[in-house]
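Beneath this line is the structure, given in structure tokens, with notes to follow.
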Amino acid sequence: MPKRGENIYKRKDGRWEGRYIRGRTASGQAEYGYVYADSYKACRAKRQQCIETLPEKPAVQASAATLAQAAELFLSEKSHVLKASSWNRYSYLTQHYILPALGTAPICQLTADQISDFLRRLQRSGLSGKSARDIGVLLKSILKYTAKKLDCSCPGVNAELPVYHRKKIEVFFADEIGRLAKKVLEAPSMAGVGVLLALNAGLRLGELCALQYKDIDLCNGVIHVTKTAQRMKKGMHTHLVVQPPKTDNARRTIPLPEDMLALLRQTVCPARNEENYFLTGKSAPLEPRTLQYQYRALLKAAGIPYRNFHVLRHTYASRCVEQGVDIKSLSEMLGHADVRTTLQVYVHSSLEHKMRVVQSICFLSLAPAADFAPSAFPSHGPETALRQRVFPNLSQIV
Numbered sequence: 001m002p003k004r005g006e007n008i009y010k011r012k013d014g015r016w017e018g019r020y021i022r023g024r025t026a027s028g029q030a031e032y033g034y035v036y037a038d039s040y041k042a043c044r045a046k047r048q049q050c051i052e053t054l055p056e057k058p059a060v061q062a063s064a065a066t067l068a069q070a071a072e073l074f075l076s077e078k079s080h081v082l083k084a085s086s087w088n089r090y091s092y093l094t095q096h097y098i099l100p101a102l103g104t105a106p107i108c109q110l111t112a113d114q115i116s117d118f119l120r121r122l123q124r125s126g127l128s129g130k131s132a133r134d135i136g137v138l139l140k141s142i143l144k145y146t147a148k149k150l151d152c153s154c155p156g157v158n159a160e161l162p163v164y165h166r167k168k169i170e171v172f173f174a175d176e177i178g179r180l181a182k183k184v185l186e187a188p189s190m191a192g193v194g195v196l197l198a199l200n201a202g203l204r205l206g207e208l209c210a211l212q213y214k215d216i217d218l219c220n221g222v223i224h225v226t227k228t229a230q231r232m233k234k235g236m237h238t239h240l241v242v243q244p245p246k247t248d249n250a251r252r253t254i255p256l257p258e259d260m261l262a263l264l265r266q267t268v269c270p271a272r273n274e275e276n277y278f279l280t281g282k283s284a285p286l287e288p289r290t291l292q293y294q295y296r297a298l299l300k301a302a303g304i305p306y307r308n309f310h311v312l313r314h315t316y317a318s319r320c321v322e323q324g325v326d327i328k329s330l331s332e333m334l335g336h337a338d339v340r341t342t343l344q345v346y347v348h349s350s351l352e353h354k355m356r357v358v359q360s361i362c363f364l365s366l367a368p369a370a371d372f373a374p375s376a377f378p379s380h381g382p383e384t385a386l387r388q389r390v391f392p393n394l395s396q397i398v
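Structure, rendered in structure tokens:
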């Protein structure tokens, strides 16, 4: 079985392909060599043999280390501790953005101003503030790791990261939720039931696709989130991978409302194979992209303007808060490590809810009930006398 970070994959033709770095360009970008074999074991041996025949790399000297060398050290170390999808993301950002611009720069001479200017250029080229900030965070992580590893100074670690403003996150309105549920119940399908499950449990797209029958506990009224499904880069192509969630907090048990449980009891076959996946009823999960297509079609059929799948999760969080669920419990049900993430990113109260809660702080309740009348204040004339009658103690209150 291939191990994470080995760069060994099984091809569609049944052979195994191994990839290794055989050199680097002047800008620091990796140049790859490839080996092929009929079995994983043989491919691994051939790949290792090719690596051993490469010219021995000189030890990296702190005074002359380039950012390309620092990035290689960082990625090599992190391949053993990061989830494959995270490592692939770091590798992609490094190869496509960082090294082409800064790969040959000595890390001891790379200043904070140079890095800040690089990040501004990325934004001017059309990259979002969020993406530019992510690249800056990765770049500073590479420099911090290398500074500690080689016991040297990297002034670039003090670079300021771009400021970006979060986009206003959308939610589904109450009437839209009702229309969506009605459309699903008119002609139930596994995709439709899955969409309602995401709406009632705050599941991410990959978590829903990776849900197996054994993860659904109808007796106790909960579901267990233990894995996620997503497409991963495999050589020049991609393949669907089911793997553990990114963090321990993402492994969680979520209680379900009774109406959702009733729908699941009608949907789940009693004679099911516990290892099969919920959305397909088979041993293979549903492609996340396929579920997205089905979700889009469902919204269209219900006459609801399109929002991306993750809005179901935002809606779940917002509804929980409006119904009085405490933030700590909600944070755990969403799989967050920090309740601040729940508050800042996922919780968005509706105007209706805000109008309802502000009534509890209305200071007018301090005045005698008989003084209140439903009529509005006049804008001219005898309003002074009226206000003195209605608010005799207003000056003292204010």
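All the letters of the sequence shown, read from the start, carry residue numbers 1 to 398 under the UniProt record's numbering. Don't be surprised by glycine CBs; every beta carbon is placed ideally from N, CA and C. Nothing here was measured: the structure is a model prediction, and the numbers come from that model.
*How about residue 227 and residue 244: do their beta carbons lie closer than 8 Å?*
Between residue 227 and residue 244, the gap from beta carbon to beta carbon is short of 8 Å.
*Residue from 82, 94 and 86 whose Cα sits closest to the Cα of residue 72*: Comparing alpha-carbon positions, the option among 82, 94 and 86 lying closest to residue 72 turns out to be 94.
*Assess, as a yes-or-no matter, whether the region 195 to 214 is touched by the region 307 to 323 under the definition of 3 or more beta carbon pairs within less than 8 Å.*
They touch, by the three-pair rule.
_Other residues of its chain near residue 342: CB distance less than 8 Å, five sequence neighbours each side excluded_ = Scanning its chain for C-beta atoms nearer than 8 Å, with the 5 sequence neighbours on each side dropped, one finds around residue 342 the residues 317, 327, 330, 331, 334 and 336, in chain order.
*Starting from residue 316, follow the alpha helix (DSSP H) in both directions and report where the run begins and ends.*
In this chain, the alpha helix (DSSP H) harbouring residue 316 covers 311 to 322.
_Exposed unless 16 or more other CB atoms sit within 10 angstroms - verdict on residue 64_ = Exposed, because fewer than 16 other Cβ atoms sit within 10 Å of the Cβ of residue 64.
*Any chance the region 68 to 82 sits against the region 143 to 156, with 3 or more Cβ pairs inside 8 Å?*
Segment contact: the region 68 to 82 against the region 143 to 156, three or more CB-CB distances shorter than 8 Å; contact assigned.
_Sequence-distant residues of the same chain with beta carbon closer than 6 Å to residue 18, five excluded per side_ = Beyond the five residues adjoining it in sequence on each side, residue 18 comes within less than 6 Å, by CB distance, of 8, 35, 43 and 47 in the same chain, given in chain order.
*Is residue 200 closer than 8 Å to residue 288 when the C-beta atoms are compared?*
Not in contact: residue 288 and residue 200 (Cβ atoms no closer than 8 Å).
*Check the DSSP bridge columns for residue 31 and list the partner residues they point to.*
Residue 31 is bridged to 23.
*What three-state label does DSSP hand residue 335 in the structure shown?*
The DSSP-derived three-state label of residue 335 is coil.
*If you draw a straight line from the C-alpha of residue 340 to the C-alpha of residue 248, how long is it?*
The straight-line gap from Cα to Cα measures roughly 17 Å.
_How far does the beta strand (DSSP E) with residue 247 in it extend, from its first residue to its last?_
That residue, residue 247, is in no beta strand (DSSP E); it is neither H nor E in DSSP.
*Taking buried to mean at least 16 other C-beta atoms within 10 Å of its own C-beta, is residue 344 buried or exposed?*
Classification for residue 344: exposed.
*Apart from the five residues just before and just after residue 50, which ones in its own chain have a Cβ nearer than 7 Å to its Cβ?*
If we look at residue 50 and ignore the five residues flanking it on each side, its Cβ neighbours are 20, 33 and 35.
*asked:* Between the region 179 to 196 and the region 295 to 304, can you find at least three pairs of beta-carbon atoms closer than 8 Å?
replied: They touch, by the three-pair rule.
_Relative to the C-alpha of residue 276, which candidate in 260, 286 and 212 has its C-alpha closest?_
Selected option, being the one with the closest Cα: 212.
*asked:* Our contact map puts residue 157 next to residue 140 with C-beta atoms below 8 Å; I'd like the distance itself, whole angstroms only.
replied: Their Cβ separation, rounded to whole angstroms, is 5 Å, which keeps residue 157 and residue 140 in contact under 8 Å.
*Thinking residue 309 and residue 295 are a contact (beta carbons under 8 Å), I'd like their distance in whole angstroms, please.*
Rounded to the nearest angstrom, the Cβ distance from residue 309 to residue 295 is 6 Å, consistent with a contact under 8 Å.
*Expressed to the nearest angstrom, what Euclidean distance is found between the alpha-carbon atoms of residue 89 and residue 166?*
Cα to Cα, the separation comes out at about 21 Å.
_Buried or exposed for residue 376, going by 16 or more other Cβ atoms inside 10 Å?_
Any reading at residue 376 is ruled out, since the residue's pLDDT is 49, under 50, leaving its predicted position unreliable.
*Please list, in chain order, all residues of the same chain as residue 221 whose beta carbon is under 8 Å from its beta carbon, the five residues on each side excluded.*
Around residue 221: 255, 256, 258 and 261.
*Alpha carbon to alpha carbon, what distance is there between residue 108 and residue 161?*
Across the structure, residue 161 and residue 108 are spaced so that their CA atoms are roughly 19 Å apart.
*Just how far apart, CA to CA, sit residue 390 and residue 305?*
At residue 390 the pLDDT is 47, less than 50, meaning the model places this residue with poor confidence; the figure from the coordinates comes in the next sentence. If I take the Cα positions, the gap works out to 47 Å.
*Provide the residue(s) that pair with residue 259 in DSSP beta bridges, ordered along the chain.*
The secondary-structure analysis by DSSP pairs residue 259 with nothing; it has no beta-bridge partner.
_Tell me the rounded alpha-carbon separation between residue 152 and residue 105._
Straight-line measurement puts the Cα of residue 105 at about 15 Å from the Cα of residue 152.
_Between the alpha carbons of residue 41 and residue 281, how many angstroms are there, rounded?_
Between residue 41 and residue 281, the C-alpha separation is close to 33 Å.
*asked:* For a test of the three-state rule: what should DSSP assign to residue 463, helix, strand or coil?
replied: Past the edges of the chain, shown from 1 to 398, lies residue 463, and the structure says nothing about it.
*Identify, in the order they occur along the chain, each residue of the same chain with its Cβ nearer than 7 Å to the Cβ of residue 399, setting aside the five sequence neighbours on each side.*
No answer is possible for residue 399: it lies beyond the span of the chain, which begins at 1 and ends at 398.
_Going by DSSP in three states, residue 109 sits in which element: helix, strand or coil?_
Three-state result, residue 109: coil.
*Whole angstroms is fine: what's the gap from residue 179's alpha carbon to residue 251's?*
Taking C-alpha positions only, residue 179 is separated from residue 251 by approximately 31 Å.
*With DSSP run on the structure shown, which of helix, strand or coil describes residue 226?*
Residue state, collapsed to three classes: coil.
*Tell me the start and end of each unbroken alpha helix (DSSP H) in the region 84 to 167 that is at least 4 residues and wholly inside, in chain order.*
Listed in chain order, they are 84 to 93, 99 to 102, 112 to 124 and 129 to 150.
*According to DSSP, is residue 217 helix, strand or coil?*
Three-state DSSP puts residue 217 in a strand.
*Sort out for me which residues DSSP pairs residue 36 with in a bridge.*
Looking at the DSSP assignment, residue 36 forms a beta bridge with 17.
*Can you say whether residue 396 is buried or exposed, counting buried as having 16 or more other CB atoms within 10 angstroms of its CB?*
Confidence in residue 396 is poor, its pLDDT being 49 and thus under 50, which makes the residue's placement unreliable; the coordinate value appears in the next sentence. Exposed.
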